[in-house]
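One structure is given here, and the rest of the page talks about it.
Protein chains in written order, with our numbering: chain A, 2 to 568; chain B, 17 to 640; chain C, -15 to 141.
Written as structure tokens, this is what we have:
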């Protein structure tokens, strides 16, 4: 027997929806909410999502389970009145410098204030007096804009298990704080920026470095090169009217040239390089009894996380630099021009901003721009992105393989590495290059392959809480993986915090992570060369510059080391 | 260690014999009120004097007592705190009030040795001397079920508790009843939770019993945080075993083997007494593994609060026991399904558990005869404020406000005039003269928009400003709000801002409406009970005393004369000698004048600090 | 830092266990011993109990009884429960603050002798207005009596 609820007069079938809010969305009714997010625990604090039942009683739709025969209304004079008062109260305690706020146009508070026609705020406001925390290389916190919805705390603890921030104090003094309310830069924050990705207002945003990049572009004495990460091309399109997940790399390359970048490169080359070095490292570790399992090293937030929480496992992490750094080091090392050379990386990520500043990388990347910043720059430049011609990146770093483009999705690095490692170990050509076991949006994916009689057990993990779980097992000697891919953001780089803002409703309505990942897998599938070791540009690079894979020079430029976080 | 029912019965009868052999007793009230007034010094003095005079006396229940020995003991709170320190003489039942250390000699001499009453120490009201405690009007209208032991037994002695019938209900529950029988008895009795909402205890227990998810927990809310309430404190300090017994019975009924008592931080003595009681009960085998050989186990844990009123709310309390911030969570899931450590949990307050043994012992039929049809049993109240007889009382549900305030409480203090009584603490509302004949029970109170709450009754006289009282409660709730939900966190802050403005004489047209609008939003949308009731005191004072609000806002006057900032300070020219001392002490130079001529205050500059007032040598400065 | 004595914490962890649910009890033991929560407590417990420091800070700042600042030798709490309030506890508080140069923000004297704070309700309503001095109740106070008490404490050091 089917079960139904009547919502605003519409009969809606209950099909396992967790709460009334989700069920109402199915019926096409959007109940307003600030603190609800389908991926996080129910918090029930904003009280915007209340509904009224037949007897005039109110309840929160985020925490109420749908029950057969329930009849509710989501918009009544009472509810409107209370919602307006709640909004007025929030606005009274919110730094309303909307015109100069990074979230302007995407801010939920702004949106609801407009939708509910809030015409005035009758209470005094001192919120702008609170000073921002700009200590981090990755994010900016503006407490004066915080509405205490708790999403940042929940994602930092429930999904990432980083625990950099939490609720502190109580009542009207409550705030989101690090321990002792110190700078976020001195906290366990790893810069993953997932807090910013879920913040409905401008209280946590990704640091913006666009000004410095414009300055460099505008200086005729500087050559400015730029690289574009795989996930960016499938994340940016929605901002210009493309479908979620559509690959717009060709247009982006054109746009970047129009904006004045002298050279546009593809981070995919860095990814192919990474595969060469990393699969070699894995093979060496397996053959020579080196430390196993080996963890990937592409994700800078994961590296920070490990340096802080798993210092004993640092030897298990691949010494390979990330694709961004490999490519940047190579570009800088092979640059022959006269002018001063500045290299910019466009990343779906906030943690890359911090990675670029790691001392060991010697500033090979001068600036990291997030997808969001590039979107803004394209708009600032007045480019009609949708109508741009497509063009290709610059040589000599232009040819890439299908293996590299899938780096942007969780499991992608693993799959790319397997394609190369398996062929290296077996010496045979792989018929099927798709390792579908490690694809998909699940947080932990495991697979076992028989390679010439050698059992290779691998795992692809995304989300740092999942990573911690796997690390705990490794620490306890409870798992026999050889190779583990770890990406901090759930779903991998496609869901990086630098990507365009996706609000909670969109999060619950569509699998945007999966759609973006699909964009990458489709690109891979359409390529003739899908294995990094068959990339001719790369092979030429080794022949002419590095020598062999794993050579001394390769080590110097493409590898790094890690240190436990100082406490 | 008692291994069977029979062993407990043997112990009980021997304890009872020993207790009954105690013929003469000098009982010093060691409740918080009396102790703060020096009761312990009196106790020590009695011991010293009796020793000096060679009186045969003992401080503890004797192993083998003789009828001629005098027992000197500290009991729990007698309730009549107003006239403490209290000393009761038994077997006569005489009550001595406001006893001083200097009175001890005479009491020993005349009463203990001579057997006569020291009448000057007896309670006197309206010219009548009441020698016996039970005749005093304060006690006469009370029915002390829960507080019965408090003024009788030594709370540190499990033997005295057992001697007076303690743990017979546990015995019955373990050996004569099935768990359904216990739940039925509690349901039939009509017992409703004494913590505030009045949810039927039996229904709650049966909901937990029904869950097939183990382990289950029994939790006692001893976080009595309402300012002006101290009933639960008395039970925990003065009769801890009664509550523990009730909790074990709840455990048997629901299939739980662990109990947690969450005690308010400000009650260290309650923690000590409960710890001792748990130790004693465990040593006797009434707690722990295999209780009385039945195979049933129940372990008790104590958690001390750390200072957060909101932890009186169920889910905040369990969060606090789990070591977290005491922030309430959304419901569902309910505590009976997912409570402490996410397991099915029975959560009741101290007074509710304290009722259990009485019901099991006497049966629901007997219990139902007390109180009203829908609110059975008794209710304890802490009677405080501007009342003649402040103290702790227990009356049948349905007793009228008039009986409580006038018959028991003796009316308004110092001959003042009654204005209102605040019931239910910061979550409640106020009642006025029109409610004098209102029966105090769950339903009657809920009809007039008030709640019983945990039972604080604060009486206010005409000199109390109701706007200021509302401001006081809002200040309290605002500080105690956990900060989680928007309406409570932001709304109470704004209500307090407005109320502060009003009592400072800066109220504006529209403030009353804005207060009501905020109050309604908070009441309807807040996440938890604390938030939902936070606006109660403001809304109810606006309802009954809107004139006072208007006077503050529009006339800039406080009709009660209580709000400092609304006072006008003037200099009486007749009395002023022109010494200039006031002008020299005025921090804002609002006072001017010529020496030897009357000075004047510029009202526009005056900040009403009162510095001039206290400095005038001629009492020429007045405040109106 | 190296001289900080962690044995109090170790003992508390031993008594209450190292589960998250022990946090408040352990913090209470620390607070009782040091009379406030020294900063060193936080990273130590974070590691031993496997809770983030931010979370411990959140718990410590949630509950009124925990103090992150050192308290005075004499802690005076003025009850501001309803009963005390209607019997005029506020003037007592003001008199004490004035006498010691303290305020709502500044609760402890610079010489760490006195801390003056309010408490929600001591449950000694019949003795209103009441104050406590290091947890001992002083009943039916007046501003003058309170000031005299402080003066006598000052004289006796």
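For glycine and all other residues, C-beta sits at the position ideal for the given N, C-alpha and C. Predicted model only: the values in this text are computed from it and were never measured.
Pick out whichever of the options has its Cα sitting closest to the Cα of residue i.
| i | options | result |
| --- | --- | --- |
| residue 419 of chain A | A:395, A:281, A:481, A:351 | A:281 |
| residue 412 of chain A | A:460, A:396, A:377 | A:460 |
| residue 33 of chain B | B:176, B:56, B:51, B:73 | B:176 |
| residue 58 of chain C | C:47, C:40, C:70, C:80 | C:80 |
| residue 529 of chain B | B:541, B:17, B:159, B:566 | B:566 |
Taking residue i as the query, report the chain A residues whose CB atoms sit under 8 Å from its CB, ordered along the chain.
| i | result |
| --- | --- |
| residue 4 of chain C | By Cβ distance, chain A contributes nothing, its closest Cβ being about 12 Å from residue 4 of chain C, past 8 Å. |
| residue 88 of chain C | Those do not exist, as residue 88 of chain C stays about 13 Å from chain A at its closest Cβ, beyond 8 Å. |
Could you confirm whether any beta carbon from chain C is found closer than 7 Å to the beta carbon of residue i?
| i | result |
| --- | --- |
| residue 583 of chain B | no |
| residue 272 of chain A | no |
| residue 230 of chain B | no |
| residue 97 of chain B | yes |
| residue 170 of chain A | yes |
| residue 474 of chain B | yes |
For chain A, check one thing: does any of its Cβ atoms lie closer than 7 Å to the Cβ of residue i?
| i | result |
| --- | --- |
| residue 280 of chain B | no |
| residue 137 of chain C | no |
| residue 629 of chain B | no |
| residue 338 of chain B | no |
| residue -15 of chain C | Note that residue -15 of chain C scores a pLDDT of 46, beneath 50, so its modelled location is shaky; the value from the coordinates is reported in the next line. By this cut-off, residue -15 of chain C is not an interface position. |
| residue 546 of chain B | no |
I'd like the list of long-range same chain contacts for residue i, defined as Cβ closer than 6 Å, with 5 residues on each side in sequence excluded.
| i | result |
| --- | --- |
| residue 28 of chain B | 178 |
| residue 415 of chain B | 456 |
| residue 71 of chain A | 6 |
| residue 260 of chain A | 382 |
What residues of chain C sit near residue i, judged by a beta carbon separation below 8 Å?
| i | result |
| --- | --- |
| residue 184 of chain A | Here the premise fails: no neighbours, minimum Cβ distance about 13 Å. |
| residue 208 of chain B | Chain C residues near residue 208 of chain B: none, gap ~24 Å exceeds 8 Å. |
| residue 167 of chain A | 36, 38, 39, 41, 42 |
Is any beta-carbon of chain B found at less than 7 Å from that of residue i?
| i | result |
| --- | --- |
| residue 539 of chain A | no |
| residue 173 of chain A | yes |
| residue 66 of chain C | yes |
| residue 106 of chain C | yes |
Report all residues from its chain with a CB closer than 7 Å to the CB of residue i; omit the five preceding and five following residues, and keep chain order.
| i | result |
| --- | --- |
| residue 139 of chain C | none |
| residue 234 of chain A | 248, 249, 250, 253 |
| residue -15 of chain C | Reliability of the predicted coordinates at residue -15 of chain C is poor, the pLDDT of 46 falling under 50, and the value obtained from them is presented with this limitation in mind. Counting only Cβ-Cβ distances below 7 Å, and skipping sequence neighbours, we find 24. |
| residue 599 of chain B | 607, 608, 609, 615 |
| residue 115 of chain C | 60, 61, 62, 63, 76, 122, 125, 130 |
Residue i touches chain B at which residues, Cβ-Cβ below 7 Å?
| i | result |
| --- | --- |
| residue 69 of chain C | 488 |
| residue 43 of chain A | 346 |
| residue 112 of chain C | 400 |
| residue 54 of chain C | None at all; the shortest Cβ gap to chain B is about 18 Å. |
Along chain C, in chain order, which residues have C-beta atoms closer than 7 Å to that of residue i?
| i | result |
| --- | --- |
| residue 402 of chain B | 70 |
| residue 314 of chain B | Near residue 314 of chain B there are no residues of chain C at all, since even the closest Cβ is about 19 Å away, more than 7 Å. |
Counting only Cβ pairs nearer than 7 Å, list the residues of chain F close to residue i.
| i | result |
| --- | --- |
| residue 17 of chain A | Of the protein chains in this structure, namely A, B and C, none is chain F. |
Contact defined as beta carbons within less than 8 Å: I believe residue i pairs with residue j. What is the distance between those atoms, to the nearest angstrom?
| i | j | result |
| --- | --- | --- |
| residue 252 of chain B | residue 235 of chain B | The pair is not a contact, with the Cβ atoms about 14 Å apart (cut-off 8 Å). |
| residue 185 of chain B | residue 265 of chain B | 6 Å |
| residue 113 of chain C | residue 87 of chain C | Wrong, their Cβ atoms sit about 20 Å apart, outside the cutoff. |
| residue 138 of chain A | residue 192 of chain A | 7 Å |
By the criterion of Cβ-Cβ separation under 9 Å, what are the contact partners of residue i in chain A?
| i | result |
| --- | --- |
| residue 497 of chain B | 171, 172, 173, 175 |
For residue i, which residues of its own chain have a beta-carbon under 8 Å away from its beta-carbon, when the five flanking residues on both sides are left out?
| i | result |
| --- | --- |
| residue 501 of chain A | 236, 237, 239, 240, 372, 373, 376 |
| residue 41 of chain C | 26 |
Which residues in chain A have a C-beta closer than 7 Å to the C-beta of residue i? List them in chain order.
| i | result |
| --- | --- |
| residue 502 of chain B | 46, 47, 48, 87, 90, 91 |
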